[in-house]
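Notes to accompany the following structure.
In this note's numbering, the protein residues as written are 9 to 323.
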């Protein structure tokens, strides 16, 4: 959902942020690193023995905390599910948090470019352990689907990577990091069990509002029938009349088993399609791009998988 305006605003924000850092000014404006995240960031100086970890998104921060335990201070920048990671504008406080981190985790591959820019502007970046999850752990590149946390192999890979990185920074506790990583990976078992149970033996056609859920869909042998429509919505564009008509036909003639709806989408076009699906008895699976408040990553993914199972008649 990037636009030319949001990119222009991001450029201005980064310029202002750089000036603020160089002159030592403090705008006093609230930042995304609030609540517990801000407390952790502020306590870094008082706990110099701990390793400072900054995660662009909170679901990566959860993994870092699980692996690092009480040996890390974790600051997650994006913690509000209402924030759009594409359009987030870094503040001076965010820049300082990144500058003070020894480990940085972000998606990369064109998703949270603001973190890449902060690292590029940070003279100490070469001394940090930086994990660009999309490219470093999954071999993806710009242009690939960036919603890599919906690939259920991502978090186990991240846990193992962080255990290695933290162990190098803190060799005395290396074995503990490895054990914590294994323990965290074990908690993912219910998700893999659900995938095994729900996975279809033959491809099943579905339509989606955006390509947010596609990695999970692929693991379940669900074939997205409307990729052009979904990509247009993802990029903030109106789907073509032909693509819109194709989705309508899929729904009216029951060519799909379910429709995956990103509830964070603000699109009249998508809302009309959802209403059409409901009116034609097509099950709606509700998903979100960002982690809902009050839930952790595993709970979030499990609830969405359960919706798919119910839609396919699998209890």
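Cβ coordinates follow ideal geometry from the N, Cα and C atoms, glycine included.
Where residue i falls, given that 16 or more other Cβ within 10 Å makes a residue buried
i: residue 286; result: exposed
i: residue 154; result: buried
i: residue 243; result: exposed
i: residue 149; result: exposed
i: residue 308; result: buried
i: residue 188; result: buried
i: residue 209; result: exposed
i: residue 258; result: buried
i: residue 205; result: exposed
i: residue 301; result: exposed
i: residue 323; result: exposed
i: residue 283; result: exposed
i: residue 88; result: exposed
i: residue 202; result: buried
i: residue 131; result: exposed
i: residue 200; result: exposed
i: residue 67; result: buried
i: residue 305; result: buried
Residue i at chain C interface by Cβ criterion, 8 Å
i: residue 104; result: Among the protein chains of the structure shown there is no chain C, as only one such chain exists.
Nearest to residue i (by Cα), restricted to the options the options
i: residue 193; options: 70, 61, 57; result: 70
i: residue 216; options: 236, 201, 87; result: 236
i: residue 169; options: 198, 227, 223, 72; result: 72
i: residue 144; options: 115, 135, 120; result: 115
i: residue 121; options: 134, 137, 98, 105; result: 98
i: residue 212; options: 225, 218, 200, 278; result: 225
i: residue 271; options: 248, 152, 296; result: 296
i: residue 100; options: 165, 126, 66; result: 126
Inter-residue Cα distance where the pair is residue i and residue j
i: residue 177; j: residue 230; result: 42 Å
i: residue 233; j: residue 264; result: 8 Å
i: residue 137; j: residue 253; result: 48 Å
i: residue 128; j: residue 107; result: 11 Å
i: residue 39; j: residue 102; result: Residue confidence is low: residue 39 scores 38 on pLDDT, short of 50, so the model does not pin down where it sits. Its coordinate-derived value is still stated next. Straight-line Cα distance between these residues: approximately 7 Å.
i: residue 85; j: residue 173; result: 20 Å
i: residue 268; j: residue 156; result: 17 Å
i: residue 311; j: residue 219; result: 18 Å
i: residue 162; j: residue 191; result: 16 Å
i: residue 247; j: residue 238; result: 8 Å
i: residue 214; j: residue 81; result: 42 Å
Ordered list of beta strand (DSSP E) runs contained in the region 128 to 187, each at least 3 residues
137 to 140
Entirely enclosed alpha helix (DSSP H) segments - the region 206 to 238, minimum 4 residues:
222 to 227
At 4 residues or longer, and completely inside the region 289 to 320: list those alpha helix (DSSP H) runs for me, N to C.
305 to 319
Quick check: the region 75 to 90 against the region 313 to 323, are at least 3 beta-carbon pairs closer than 8 Å?
no
What are the complete alpha helix (DSSP H) segments, minimum 4 residues, inside the region 73 to 113?
100 to 107
Runs of alpha helix (DSSP H) lying entirely within the region 242 to 272, each at least 4 residues, in chain order
249 to 260
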